[in-house]
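As numbered in this note's numbering, the sequence shown has no gaps in its residue numbers, which increase by one up to the final residue, 498.
These notes are about the structure you will find just below.
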Amino acid sequence: MQSNLVNFVQVLRTHDIRVSPAESLDAVEVAASLGYSDRSLLRDGLAMTLAKTPEEEVIFLQCFDQFFQQKLADFANVETHDEQEKEPSSAAVDDDAQEATDFADAQVSALEQSAQDNPMLEALLQTPLMQSLISNDRNDLTLAMNQASEQVGLQNIQMFTQKGQFTRRILDALGEEHIRKAVIELEQADSPALPILQRYRDILREQVRDHVEREYLIQAEGKTQQFMDDILSKTRLNNIEHVYMHKVQALIRKMAKKLASRHSRKRKLLKRGQLNMAKTLRKGIPNDGIMFNTYWRQVRKDKPQILAVCDVSGSVAAYAKFLLLFLYSVQDVLPKVRSFAFSSHLGEVSDYFNDYPVEKAIELVNWKYGGATDYGNSLLDFAKLAMDDINSNTTVIILGDARNNHGDPKLEILQSIYQRSRQVIWLNPESRRSWGSGDSEMKRYQSACHFSSECNNLKQLERIVDQLLKSTR
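Here it is as structure tokens:
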């Protein structure tokens, strides 16, 4: 059961529930204390240990029901669809049960009689697998099937194309190969026991296929989503089709949540400095004015700010959309962010994100500032709007391909920004091999940047923003 619990923890991790090794050990202790007899009690105990938020609790309960709701496999004679739809009386049920028992006994007798003249069939009937199939020992058969699944690594199934492979591996681990050989020999001998053995073989295969299908639904859902997220995060943003847009937005929120968790500021309690008398007296009121705890004033530091300048012209509009969406998603942990958009002219768009939902804001920005690109004129507009606010605590992020349609690049303005700011970061969606070709001014602008990088997918964007957050803490 400990192995089963470890597999369950792996399923939770594929569904984005964070479970540390220490929490896994706590879960094992909880399961050992509560036992496995009361399913509801075990579920509540593990939920308190492994789920940290209401959202994670919902996912946990869904995964728990799917993982621990496995019933014993039934290897008895399979009824036809018409028989399953009937609703017989209790007397009819008793008669059918007795009739099924008599039929099974007759089949066993026929097999044993045929085995007298067939050494292979006789040896097959003595195997544990065949004995369990004949007696429909559901406990032994289900246990053997679970052990075979663990032996072949069924918990690692990821794609639906693997279901047939794992079904065959489990059947081989169970020893179905001996039944298969016996069927071939009985078929060649035209034995009357052939249909009986074929029935047991078909029932075994059907139950194993159902078991693999259930395990696939449990294991592969989260892994498939992780695989899809990994593919989307490494795909060039302009190649992502519109049908996957909602998945990309969910992926961006997930990345932003991870960065927020990693870089969220933790308040520190100071133990020296200037006494904060007002707070100390206020905290002493519950103690009849006795100042058990003292509080000290903190020196207020100027927070760094980020100026994000995005080219929203036709050639890079898709990239700018994702960068703005990413910055919007991590604004809870980023220092003060001011966003600007430009093509032939530049304007501040920070208010759009305050007044509208992010998708609507980005649509309005593209509508107002989209057009032909003029970096020189846009840098002039940026200098008028924000040059006086740039200081040693300011980081300027520029997203654009630096293609200026052979206009004046106004490099001296970017050099002035470089001298005033803490750092200038340029993210170019084009390949480095294209920098400086045609009307690209990237090679010249690169001389006035502290850092420049090719950035055309979410994985690169996450890494750069992660470095940015580290440098602004």
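The C-beta atom is built at its ideal place from N, Cα and C for all residues, glycine as well.
Per DSSP, residue 474 has no beta bridge partner at all. Counting along the chain, the unbroken alpha helix (DSSP H) around residue 402 starts and ends at 400 to 411. Taking 4 residues as the shortest admissible run, the region 414 to 458 contains the following complete alpha helix (DSSP H) segments, listed from N- to C-terminal end: 436 to 445. Annotation for residue 307: the continuous alpha helix (DSSP H) segment containing it runs 302 to 308.
In summary, residue 472 is exposed, with fewer than 16 beta-carbon neighbours lying within 10 Å of its beta-carbon over all protein chains present. If you check the CB distance, residue 437 and residue 410 do not come in under 8 Å. Residue 321 sits in a strand when the DSSP states are folded into three classes. A contact is defined here as three or more CB-CB pairs under 8 Å, and the region 476 to 486 meets this definition with respect to the region 454 to 461. Here residue 480 carries a coil assignment [DSSP, helix/strand/coil]. For residue 335, the closest of 311, 404, 306 and 197 by C-alpha to C-alpha distance is 404. Residue 222 and residue 170 have their alpha carbons spaced roughly 19 Å apart.
Assignment of residue 134 by DSSP, reduced to helix, strand and coil, places it in the helix class. Setting aside the 5 residues that flank it on each side, residue 446 is surrounded in the same chain by 415, 419 and 421, each with a C-beta closer than 6 Å to its C-beta; the list follows chain order.
The C-alpha of residue 386 is placed about 19 Å away from the C-alpha of residue 340.
No Cβ-Cβ contact shorter than 8 Å links residue 429 with residue 406. Taking a C-beta distance under 8 Å as the contact criterion, residue 179 and residue 81 do not qualify as a contact pair. Between residue 75 and residue 54, the C-beta gap is not smaller than 8 Å, which leaves the two residues out of contact. Between residue 51 and the set 65, 36, 66 and 72, the nearest pair of CA atoms involves 72. Comparing alpha-carbon positions, the option among 31, 483 and 300 lying closest to residue 273 turns out to be 483. Per DSSP, residue 331 lies in no alpha helix (DSSP H); the unbroken beta strand (DSSP E) holding it starts and ends at 330 to 336. Close CB contacts of residue 280 within its chain, under the 6 Å cut and outside five residues either way in sequence, are with 487 (chain order).
Between the C-alpha atoms of residue 216 and residue 177 there is a straight-line separation of about 34 Å. The continuous stretches of beta strand (DSSP E) do not include residue 396, and DSSP gives it neither H nor E. Taking the C-beta atoms as reference points, residue 364 is found no nearer than 8 Å to residue 350. Checking the DSSP bridge columns, you'll see residue 367 partnered with 336 and 371.
Contact check for residue 152 against residue 236 fails: the beta carbons are separated by 8 Å or more.
Under the three-state reduction of DSSP output, residue 55 falls in the helix class.
The C-beta of residue 61 has fewer than 16 other C-beta atoms within 10 Å across all chains shown, which makes the residue exposed. Close CB contacts of residue 427 within its chain, under the 6 Å cut and outside five residues either way in sequence, are with 465, 466, 467 and 470 (chain order). Using a Cβ distance threshold of 8 Å, residue 139 and residue 146 count as a contacting pair.
Nearest neighbour of residue 398 by Cα position, chosen from 368, 229, 322 and 154, turns out to be 368.
DSSP places residue 164 in the uninterrupted alpha helix (DSSP H) bounded by 163 to 177. Residue 66 and residue 86 have their C-alpha atoms some 13 Å from each other. DSSP places residue 259 outside both helix and strand once states are collapsed to three, so it counts as coil.
Taking a C-beta distance under 8 Å as the contact criterion, residue 229 and residue 201 qualify as a contact pair.
About 10 Å separates the Cβ atoms of residue 243 and residue 35, ruling out a contact at the 8 Å cut-off.
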